[in-house]
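By my numbering, the letter at position 93 of the first sequence is numbered 123, and the numbering carries on one by one without gaps.
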Amino acid sequence: MIKITFPDETVREFNSGVTAYEIAMSISEGLARNAVGAVVNGEHYEINRPILENSNVKIATFNDDDGKQMFWHSSAHLMAEALQEIYPGTKFGIGPAIENGFYYDVDLPEDTKISSEDLPAIELKMKELARKNSTYDMSESSWDEAYQYYTKSGNEYKVELIEGLKGQKITFCKHGNFTDLCRGGHIPNTGLIKAVKLLSVAGAYWRGNSDNKMMTRIYGITFPKQKLLEEFIVLREEAERRDHRKLGKELELYMITPNIGGGLPVWLPKGTIIRRKLEDFLKKELLQRGYQEVITPHIGNLNLYKTSGHYPYYSESQFSPIKVEEEEYMLKPMNCPHHHQIYALKPRSYRDLPLRLAEFGTVYRYEQSGELSGLSRVRGFTQDDAHIYCTHEQLKDELINAVELTQLVFRTFGMEVTTRLSFRDDSEDKYAGDPEVWEIAQKEIKEVADMMGLDYFIGLGEASFYGPKIDFIVRDAIGRKWQLGTVQVDYVMPERFELEFMGSDNQKHRPVIIHRAPFGSMERFISILIEHYAGNFPFWIAPVQVSILPIGQNQNEYCENLLKQLKDLGYRAEIDTRSEKVNRKIAESEQMKVPFSIIAGQKEVDSNTVSLRRHGVGDLGSKSIEEILNMFAELNIPGGE
RNA sequence: GCUGAUGUAGCUCAGCUGGUAGAGCACGUCCUUGGUAAGGACGAGGUCACGGGUUCGAGUCCCGUCAUCAGCUCCA
31 MIKITFPDET VREFNSGVTA YEIAMSISEG LARNAVGAVV NGEHYEINRP ILENSNVKIA
91 TFNDDDGKQM FWHSSAHLMA EALQEIYPGT KFGIGPAIEN GFYYDVDLPE DTKISSEDLP
151 AIELKMKELA RKNSTYDMSE SSWDEAYQYY TKSGNEYKVE LIEGLKGQKI TFCKHGNFTD
211 LCRGGHIPNT GLIKAVKLLS VAGAYWRGNS DNKMMTRIYG ITFPKQKLLE EFIVLREEAE
271 RRDHRKLGKE LELYMITPNI GGGLPVWLPK GTIIRRKLED FLKKELLQRG YQEVITPHIG
331 NLNLYKTSGH YPYYSESQFS PIKVEEEEYM LKPMNCPHHH QIYALKPRSY RDLPLRLAEF
391 GTVYRYEQSG ELSGLSRVRG FTQDDAHIYC THEQLKDELI NAVELTQLVF RTFGMEVTTR
451 LSFRDDSEDK YAGDPEVWEI AQKEIKEVAD MMGLDYFIGL GEASFYGPKI DFIVRDAIGR
511 KWQLGTVQVD YVMPERFELE FMGSDNQKHR PVIIHRAPFG SMERFISILI EHYAGNFPFW
571 IAPVQVSILP IGQNQNEYCE NLLKQLKDLG YRAEIDTRSE KVNRKIAESE QMKVPFSIIA
631 GQKEVDSNTV SLRRHGVGDL GSKSIEEILN MFAELNIPGG E
């Protein structure tokens, strides 16, 4: 007998060799029917795989993540089988489940190309194979056998994978006429896959290394019910409607034109209002938190970046230096060295610290052409940058303050973020500075994160070359992850720039630098903001044009009255010019009711307004003056008076 | 940078296997109008991304460049 522990901690005894299916049956027939697999001690098990030892067991259905992973991983196998039938001679790489679906990396026979037009045919074949109800059967072989098998069949990819498993038993999975090297974790049979949608086809380097051959990656998703697929498609379409590139164009927030340059966004009047609003919001916070604003040039002497070490590290992704007589200048790819020069301006005392220098600094990085994307990834962007120069004793407090500020930003906009502690990995040439100091810096970051109760994960290899950081990551409408806010600890630059302060002991010391940017990049942040609100911004960020229909006989009086009162409240409000025409006309013919528009929602300080009327965002229907005034009175304006 | 796809009026797009461009919305003028993306008439708008090539003839086929999109790689 073995002891099986369930997720709710209950323990029951079963005969050794019991399968997850039998366990599920013993709980309920429905569970057994819905079970697609099991999680046994954290490992994905087929439902009919014998369990031999005391184990923690969770029955997996499509409703939980493990079940989905098994379902989609099995679907990847099914797609491979279909590909093998349609394109004989295809070599298979790896085919894992991902967050939404699965992919398979394949090396197609020579002269064969797959484009999105070919996907429906593959889908059909998959459905046809699925209907055969083939079981997924696992089998074992020795390492040598497996190695021989793939060497003979000429699949260098599987050979490479097997080489990485040297000395271990190799498992295969077979269904229908398809056998694949596989660790396991499949659904019982192909018949469970009822709905299939292949999403896209793209290139992907073998093992994610750009030196390797590029394989063809086919993405897909499957469901046990057609209805689930339909829901998925609707969700995707809704997400696409929020895409900031689409909304940014429709709302005339920004433009990008090759006449100026790819990845160089131009802020249009309406987008500029939003951006200024965000800047004002943050500036106000910065002043309260003891930051001082500075302004530095957009270019700097190349030597500056040689000193910082950025130049050799990132020479690939920088605009070429500008040569003027004997000097070379670079468009600044970051603000740090400029701020360090401000620190180095004069002798600093411990009494001056922490020194917090802030700047909305525009930087230029020559990102790879294939990387550019709307406002998310650009070649010129503005960081809400600041560098805090402090003593080692002050470090933790300053880190906490910086993290809190970042949290305030995301809280204000109601954005969901994940927090990553970005640490270094083992590779030595990627990082500058003393590994022991790194160790200390990472420890300090972790302590701060724990002290603040942050819900974080650790990303090894995600650090900057000069130090570890805390990154705040959000998702865009289509689910892609982007780093926004960042707080970084840096012991390297103070050394390189020989920054010092005089301590109370009358000795010179090195300060520690915190690099931090709560928004990260104004461009990227706004891209997320647009999608977050689906263009329907709160009034304090972007005023909307509202159409208001006065009811009653004295519409002119109504308009005048409303305008006056809104102005008294501090809002800009005016009759829309087009409606004014209608209004005038109707006045001439002595009509009683007219539709007209006011533009409102903007405090008097700004000279422009954003019209979002076309999206119906500001369409408030018929309102009495009291209702409208109440609405504006209730506007919550973070950072406002 | 790599793989694949796309690039036609301000926007969204149509244009079959080559015979020199269309629609809806938007825009302008006029008319109509007591209702939430108002209706009608007329009008203006395009060296079909750019540059080569094949052809009697290219938006349509081929090559190159640029840009955009999906993904990979990268991201101070």
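Using N, Cα and C, we set each Cβ at its ideal position, and we do this for glycine too.
>> Check this for me: beta carbons of Asn78 and Tyr51, under 8 Å apart or not?
In response: yes
Taking the CB atoms as reference points, tell me whether Gly497 and Val519 lie closer together than 8 Å.
-> yes
_Please report the distance separating the alpha-carbon of His103 from that of Phe487._
25 Å
Relative to the C-alpha of Tyr461, which residue among Gly491, Gln437, Ala432 is closest? Gly491
*asked:* Measuring straight from C-alpha to C-alpha, what distance separates Arg644 and Ile544?
replied: With a pLDDT of 39 at Arg644, under the threshold of 50, the predicted position of this residue should be treated as unreliable, though the coordinate-derived value follows. If you take the alpha carbons of Arg644 and Ile544, they lie about 44 Å apart.
request  = Starting from the C-beta of Lys426, find all residues in its chain whose C-beta is less than 8 Å away, skip the five residues before and the five after it, and write them out in chain order.
outcome  = Glu474, Glu477, Val478, Met481
Residue ranges of each alpha helix (DSSP H) within the stretch 434 to 513, 4 or longer: 465 to 481
For Arg395 and Ile560, the rounded distance between their alpha carbons: 24 Å
- request: Identify whether Asn331 lies in helix, strand or coil by the three-state DSSP scheme.
  value: strand
Query raised in the report: Ala50 by DSSP, collapsed to three states: which one?
Result: helix
* What first and last residue would you give for the alpha helix (DSSP H) that runs through Asp414? -> Note, Asp414: premise wrong, no alpha helix (DSSP H); beta strand (DSSP E) at 410 to 420.
Check your understanding: For Lys538, which beta-bridge partners are listed by DSSP?
Key -> Partner(s): Met532.
C-beta contact flag for Tyr133 and Phe122 at 8 Å
no
Practice prompt. Spell out a yes or no on whether the stretch 380 to 396 and the stretch 352 to 368 are touching, meaning 3 or more CB-CB pairs, one atom from each, closer than 8 Å.
Written response: By the Cβ test, the stretch 380 to 396 is in contact with the stretch 352 to 368, since at least three Cβ pairs between them sit closer than 8 Å.
Among Asn207, Gly197, Leu159, Thr181, nearest to Gly221 - alpha-carbon criterion: Leu159
Ordered list of alpha helix (DSSP H) runs contained in the stretch 136 to 222, each at least 4 residues:
Given a length threshold of 4 residues, each whole run of the alpha helix (DSSP H) inside the stretch 136 to 222 is given here in chain order: 149 to 161, 173 to 183, 186 to 193.
Check: Which residues in the same chain as Pro118 place their Cβ atom closer than 8 Å to its Cβ, once the five residues preceding and following it in sequence are excluded?
Finding: Pro139, listed in sequence order.
Where Val324 falls: helix, strand or coil (DSSP) = coil
Exercise. In this structure, does DSSP put Lys33 in helix, strand or coil?
Worked result: strand
Whole-Å CB distance - His368 paired with Met523, under 8 Å assumed | Their Cβ separation, rounded to whole angstroms, is 12 Å, which puts His368 and Met523 out of contact at 8 Å.
Q. In its own chain, which residues sit with a C-beta less than 7 Å from the C-beta of Ser164, not counting the 5 before and 5 after it?
A. His205, Gly206, Asn219, Thr220
Do the stretch 244 to 256 and the stretch 105 to 115 touch if we need at least three Cβ pairs shorter than 8 Å?
-> yes
Q | Contact the stretch 545 to 565 vs the stretch 498 to 510: 3+ CB pairs below 8 Å | A | yes
**Request:** Could you name the residues of the same chain whose beta carbon sits closer than 6 Å to that of Asn86, not counting the 5 residues immediately before and after it, in chain order?
**Result:** Scanning its chain for C-beta atoms nearer than 6 Å, with the 5 sequence neighbours on each side dropped, one finds around Asn86 the residues Thr35, Asn71, in chain order.
Query raised in the report: Hey, how far is the Cα of Ser46 from the Cα of Lys33?
Result: 9 Å
Report task. Give the straight-line distance between the Cα atoms of Arg554 and Glu466, rounded to the nearest whole angstrom. Result -> 34 Å
Please identify the residue among Ile286, Gly483, Lys88, Pro568 whose C-alpha is closest to the C-alpha of Glu39.
Lys88
Three-state class that DSSP yields for Leu361 in the structure shown: strand
- Message: As an exercise, report each continuous beta strand (DSSP E) stretch of at least 3 residues that is fully enclosed by the stretch 231 to 319, in chain order.
- Response: 244 to 253
Looking only at its own chain, which residues have a Cβ that is under 6 Å from the Cβ of Lys511, when we skip the five neighbours before and after it? Ile503, Arg505
task: Could you please give me the residues that DSSP links to Lys121 through a beta bridge?
output: Asp137
Q | Reference Arg305; option with closest CA among Ala65, Asn536, Glu73, Leu405 | A | Answer by Cα proximity: Leu405.
Check your understanding: Distance, Cα to Cα, Gly197 vs Val542?
Key -> 48 Å
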